[in-house]
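Numbering (mature numbering (1 follows the signal peptide of the UniProt record, and there is no 0)), first residue to last: -18 to -1, 1 to 151.
I have placed the structure first, in the form of structure tokens, so that the comments after it can refer back to it.
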Amino acid sequence: MVITMQAAVLLLVSQCQACSLGYFGQDCSLPCRFPGYGSGCQMACNCEKEHCNHITGCRNSTCSVGYFGPNCSLSCRSPNYGLGCQLSCNCEREHCTHIIGCQNATSDSRATTGSTSSFGCPFTTMNGRKSSHQRSILIAIYVMTTLSVSLIIVYVRLRMKSNAHWNST
């Protein structure tokens, strides 16, 4: 049973391949979905969707509010915030966000970056869900592991009963 589990793990790993920049999927034919770009689609564009290239990130364009720099990958440095980081906070540093500026210390914090979800090798897809193929492999591994442990327990108990029977005669 252990050999079967190792074979399943090797199958899962062998199907994992590095895709070209900006692509993902079983055969690496799918371009990264916004806001993802680059190697493994793990980078996130902080610009408008129409200015985000799935390979290189943000093209020369206006960055989203709170971001600047190459590919709009840098958030405004405190105390600056807003579009082009042109505004300045007039509150304590811990209450100043790079997107909206000063916020009340008792208010809920807001998300400040685009979501970057993982995908592909070996366990999740771009939207954070497991593909049906990967799910099947993981279920098979789980079933084989559970079955192996159960068989080992049954074997050990039978051996103990057999030894107890032979020792009593």
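Virtual Cβ for every residue (Gly too), placed ideally from N, Cα, C.
On a predicted model such as this, the values are computed, not experimentally measured, just so you know.
| Query | Result |
| --- | --- |
| What's the C-alpha gap between G83 and Q68? | 11 Å |
| Just checking my contact of A26 with P13 at CB under 8 Å: how many whole Å lie between their CB atoms? | With a Cβ gap of about 15 Å, A26 and P13 do not count as contacting. |
| Would you report the Cα separation of G66 and S21, rounded to the nearest angstrom? | 27 Å |
| DSSP three-state call for S11: helix, strand or coil? | coil |
| Taking all protein chains shown into account, do 16 or more other C-beta atoms lie within 10 angstroms of the C-beta of S145, making it buried, or fewer, making it exposed? | In the sequence as presented, Ser is not what sits at residue 145; that position holds Asn. Classification for N145: exposed. |
| Check whether the stretch 70 to 78 touches the stretch 46 to 57, taking contact to mean three or more Cβ pairs, one atom from each stretch, closer than 8 Å. | no |
| Return the CA-CA distance between W148 and R139, expressed in angstroms with no decimal places. | 14 Å |
| Apply the 10 Å Cβ neighbour rule to Y137 and answer buried if 16 or more other Cβ atoms are within range, or exposed otherwise. | exposed |
| Can you tell me the Cβ-Cβ gap for G51 and Y63, rounded? I've got them flagged as a contact below 8 Å. | That belief does not hold up - the Cβ atoms of G51 and Y63 are roughly 15 Å apart, past 8 Å. |
| With DSSP collapsed to three states, give me the class of C54. | helix |
| From L3 to N35, what does the alpha carbon distance come to, in whole angstroms? | 11 Å |
| What are the residues that DSSP puts in a beta bridge with N35? | G39 |
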